[in-house]
Every structure is written in structure tokens, then in C-alpha cells.
Amino acid sequence: MAKVIVADENQGRRTLLASTLEREGFDVTRAGTLRQAEGTALAVMPEIVLLEGDWSSGDAIDASQRLMGDPEFAFKCRIVMLSRSTSNEFLLTAAKAGIHEVIGKPVDMSKLIEQLWKHARKQFVPPPADVDVGGGGGSFDVGMMAGGGGWALPMLKGLVGPDRINESF
Numbered sequence: 000m001a002k003v004i005v006a007d008e009n010q011g012r013r014t015l016l017a018s019t020l021e022r023e024g025f026d027v028t029r030a031g032t033l034r035q036a037e038g039t040a041l042a043v044m045p046e047i048v049l050l051e052g053d054w055s056s057g058d059a060i061d062a063s064q065r066l067m068g069d070p071e072f073a074f075k076c077r078i079v080m081l082s083r084s085t086s087n088e089f090l091l092t093a094a095k096a097g098i099h100e101v102i103g104k105p106v107d108m109s110k111l112i113e114q115l116w117k118h119a120r121k122q123f124v125p126p127p128a129d130v131d132v133g134g135g136g137g138s139f140d141v142g143m144m145a146g147g148g149g150w151a152l153p154m155l156k157g158l159v160g161p162d163r164i165n166e167s168f
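Per numbering that gives the first Met the number 0, the very first residue in the sequence shown carries number 0; after that it's consecutive.
#1: Pick from 23, 21, 125, 51: whose alpha carbon is nearest that of residue 9?
#2: If the criterion is Cβ atoms closer than 8 Å, does the pair residue 122 and residue 100 meet it?
#3: Please state whether DSSP places residue 96 in a helix, a strand or coil.
#4: If I follow the unbroken beta strand (DSSP E) through residue 6, where does it start and stop?
#5: Could you compute how far the alpha carbon of residue 57 sits from the alpha carbon of residue 82?
#6: Given a cut-off of 8 Å, decide if residue 78 and residue 103 are closer than it, judged by their beta-carbon atoms.
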């Protein structure tokens, strides 16, 4: 049974979401504050933290960033945010904070449940926005490296010579 933390300071919304998810087979824990959500998430390591995006008592993006700063949480858990804002700027900020998906309000409950099951099963879900994390493509000169003493993998020397790596490679 997939564990989900439903974090929302509005008790009515929190209860509605939690009850619906329990009927769908999720093991739900409720959190009424961001601090409670963070502490519970780090203690329980649920598959999903379902986080309301708008809080009067804190910032859900900051809380998400703190959670994703924990290596074990970042490896095991996913954060799904429900938000009125779905602007490109907000989605980029959410993606940079490590949020796995932002679902816009009003929420289509059947879509939400479908997406939560995808997250629970660790299936691919596109991130809220494309984030350039640096690095990326590069090149190296095989001819220069393969003949030099710094060639790290001699067994590949014959396989990746300049005659094999060309424009069509």
C-alpha cells in the first residue's frame, strides 16, 4: 500500500483529499502545517508528499527544497504540489526545488489519483519544467587520447579509434 502524506492547512480540503485517497487504496497521513509535513515525511519516507501550494504560515517551495535536500528522501520519495498558479515561472521554481509534479487547481480527482499511482509506482512523470542543471554534451579528441599515456581504458583503444568515431557516429 503506497504511503501518502496529505499536507494542507485547510482542514476541510485536507480531510476531503485524505478520505478520497484512502478509498482509492492509499495509506494516508495528514499534516496541518508545513513543519509537521516535513517532520513526518522525513520520519516515514512516504512514496508521495501531496502538498498544497498556498500556505499562510510558510512557503511550500522552501519546504520542498528542504525535503529534497535530504538524500534519502530525495531518493525514495516524490513531491506532488496542488497549486492555483501554473505559470511558467512558478513551474520552473517548483522544478528547481525538486517538486516532481504540479497539478493545477481546480483539481480533477480522477486525474490526481491516476498521477499519484504513477508516482507511487515510480513511473516516469514529466517534471513541471525543463531545468538546465549545467553540464551536458561535450566532445573529446579520440586520436589525441588513445595514443597518449593518459588513456584510461586501454581495452577500448582498438574499439574507439579515430577511424571508428566519425561524423556519422
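For every residue, glycine included, the Cβ atom is placed at its ideal position computed from N, Cα and C.
Working from what's here:
#1: Nearest of 23, 21, 125, 51 to residue 9, Cα basis: 51.
#2: Cβ distance not < 8 Å, so residue 122 and residue 100 don't count as in contact.
#3: For residue 96, the secondary structure class from DSSP, reduced to helix, strand or coil, is coil.
#4: Note, residue 6: beta strand (DSSP E), 2-6.
#5: Rounded to whole angstroms, the separation of the alpha carbons of residue 82 and residue 57 is 15 Å.
#6: Their beta carbons are not under 8 Å apart, which means residue 103 does not touch residue 78 by this criterion.
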